[in-house]
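Chemist: In my numbering, the protein residues as written are 2 to 214. Glycine is no exception: its CB is placed at the ideal position from the N, C-alpha and C atoms.
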Amino acid sequence: MLNGVKTGAYEYVREHDNGFQPSWTPDILTSNDIRCNKGSWNHRNQPKTAQVTAGKDVVGFHLHLDFGIYHPGPVAIYLSKAPGNVRDYDGSGDWFKVYELGTTTPWNGTDQGWLTRDLKQFEFRLPKEIPAGQYLMRIEQISIHPPYRQKEFYMQCAHLNIASSYTGRTPGPTIRFPGGSGYNVNDPSMQLDSWAKPPPNYFPMPGPKVWPN
């Protein structure tokens, strides 16, 4: 999504080899595939790089199948600055969060309490507090419905070239994938049991606070 317009399926987005299948915890939490999904590195030269401006342009993702999310769980979007051309970047550097959508407050533990439910696109205005450069923009949806505290991960990355005059402090807090705070198998968000009785009334969003903060 770019300023409310749905772009081509892989116009700016790295394709991957996982199709519509999820990646499961605990294995995905220690795999480099958690960055942009399985096999995405092999498709890194296919997409274009979107030319956008911090503080001005609205960017995001639209679900490929064009229907809303029905698996309960949060959505988050991260940015990671490439050291050079984003096509040559594997996402091994620092990531900061720019968007998240979780549950209502308070939450009654039901699927209907997820603010992501039935949504099929996720957009935000790029904060003006982002330094100029080329970036990977990564979306993730974590489905919490499987039993035994397992989670399903769906993730994908897009290429951005951000124009900006910002020279302030470096965006943060940052994490790295794999192994970032909240993305370890024993972290509270990964241990939440959606089948518990009584049901949970709080979901701790994994990862850092949304930038700017």
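#1: Look up ILE35 in the DSSP assignment and say whether it is helix, strand or coil.
#2: Note down, in chain order, each residue of its chain lying with its Cβ closer than 7 Å to the Cβ of PRO205, except the 5 sequence neighbours on either side.
#3: Output the boundary residues of the alpha helix (DSSP H) element that contains SER166.
#4: Looking at the structure shown, is VAL53 part of a helix, part of a strand, or coil, going by DSSP?
#5: Residues bridged to THR104 by DSSP?
#6: Hey, ILE131 and ALA55 are a contact pair by Cβ (cut 8 Å); roughly how many whole angstroms apart?
#7: To which residues of the same chain is ASN19 closer than 6 Å at the C-beta, ignoring the five residues directly before and after it?
#8: Within the stretch 112-160, note down every full beta strand (DSSP E) run reaching 3 residues or more, in order along the chain.
#9: How is the alpha helix (DSSP H) around SER190 delimited, first residue to last?
#10: Bridge partners for LEU80 per DSSP, in chain order?
#11: Between which two residues does the beta strand (DSSP E) carrying PHE204 extend?
Modeler: This is what the structure holds:
#1: helix
#2: PRO189, SER190
#3: Here SER166 belongs to no alpha helix (DSSP H), and DSSP marks it neither H nor E.
#4: strand
#5: TRP115
#6: 4 Å
#7: ASN38, LYS39
#8: 122-126, 134-144
#9: 189-192
#10: PHE97, MET138
#11: From DSSP, PHE204 is part of no beta strand (DSSP E); its letter is neither H nor E.
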